[in-house]
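Asker: Got a structure for you, questions after.
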Amino acid sequence: MIHTNRRNFLKKSGLAAAGTLFIPSMSFAIAPNEKFGVQLYSFRDEMAKDAKGTLEQIASIGIKKIESARSKEGLYYGLSPKEMKDTCDSLGMELCSGHVALDKDFDDTMRQAVESGQEYVICSSLPSNGQNIDNYKKVAEAFNKAGESCKKLGLKFGYHNHEYEFESDTGEVLYDVLMDNTDPDLVHMELDLGWVIVAEKDPLHYFEKYPKRFPLWHLKDMNMHEKVSTEFGKGGLDIAMMMNHKSDSGVKHIFIEQEEYASTPMDSMKHNMNFLKAL
């Protein structure tokens, strides 16, 4: 089944890259208790202006899980970790995760994460430069150590990919080097499905090669022509197919992320939620 779906995926991704949009190949009925989340970078400007008010609007469209992102206002857009937790709790949302940097302030980052009650601390970019195997092995070692530190505090450390991790060095895909050299018990991967397809890779391949290694997703549709995010159903990601392979990936938390919009972030997110409900 997974091999057949992969052929379909690659065929359809090719059509999308050529500018032809496609209808999802598989139907998917969303369970009544399905709880989708949002990565707050999708609402970065709004969160910076009015964090609590924006969270209220996000809750009003049925979002149940939150992943924060560090900004110039701090890890929680000017709110303290406890204020962020309490605000989400009061709105019926769960603060599950947060994007952070693995840097000199990581001890304080972990402290704030514990105070916020979130489960995951996700490194959002490589802590060192170098698109080569040696650097990725060095990064993997740093990730394993960060994972140990987080585990001692009851947190889970992870990494969120972009497109560049799927470049190759001496015939090896660098993302695979990272996967092969990190401890699955210490480093929990957040797979950004949009960046995977922009890199012309197949998410199903990774679900098969590294089963259950992806407890978090960024569900992001991509305009394959412009290589920017777009509303669900307008780009190259077969969302229905992805949802039918949740079990293969081991996903527990699905965060919608959109960085560019046809109109406003809220209009786009309403569209995305309606799209999911209609699958």
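According to the working numbering, the sequence shown is numbered sequentially starting from 708. All C-beta atoms, glycine included, are put in the ideal place defined by N, C-alpha and C.
Beta-carbon within less than 8 Å of M817's beta-carbon, same chain only, minus the 5 sequence neighbours each way: which residues are those?
Answerer: V828, S856, C857, L860, L862
Asker: Grab me the residues of S835's own chain with a C-beta within less than 7 Å of its C-beta, minus the 5 sequence neighbours each way, in chain order.
Answerer: N842, K845, V846
Asker: Between which two residues does the alpha helix (DSSP H) holding F864 run?
Answerer: Segment 863-867 is the beta strand (DSSP E) holding F864; no alpha helix (DSSP H) there.
Asker: Cβ of Q825 within 8 Å of Cβ of F962?
Answerer: The beta carbons of Q825 and F962 sit no closer together than 8 Å.
Asker: Just grab the DSSP bridge partners of K772 for me.
Answerer: G744, E801
Asker: Is the separation between the beta-carbon of G901 and that of L833 shorter than 8 Å?
Answerer: No, they are not a contact pair.
Asker: Considering only the alpha carbon of each residue, which of A755, L923, I765 lies closest to G785?
Answerer: A755
Asker: Relative to the alpha-carbon of D793, which residue among G865, G769, K759 has its alpha-carbon at the smallest distance?
Answerer: K759
Asker: H912: which of L898, D892, C830 sits nearest, CA to CA?
Answerer: L898
Asker: Within the region 910-961, note down every full alpha helix (DSSP H) run reaching 4 residues or more, in order along the chain.
Answerer: 910-916, 946-950, 953-956
Asker: What residue from A985, D974, L986 has the CA that sits closest to G767's CA?
Answerer: Reading the sequence as shown, one finds Ser at residue 767 and not Gly. Looking at the Cα atoms, D974 is the closest of the given residues.
Asker: Here's a check: name, in chain order, each residue in its chain whose Cβ is nearer than 6 Å to the Cβ of Q819, leaving out the five neighbours to either side.
Answerer: L782, P788
Asker: Could you spell out the range, first to last residue, of the beta strand (DSSP E) harbouring Y827?
Answerer: Per DSSP, Y827 belongs to the beta strand (DSSP E) from 827-830.
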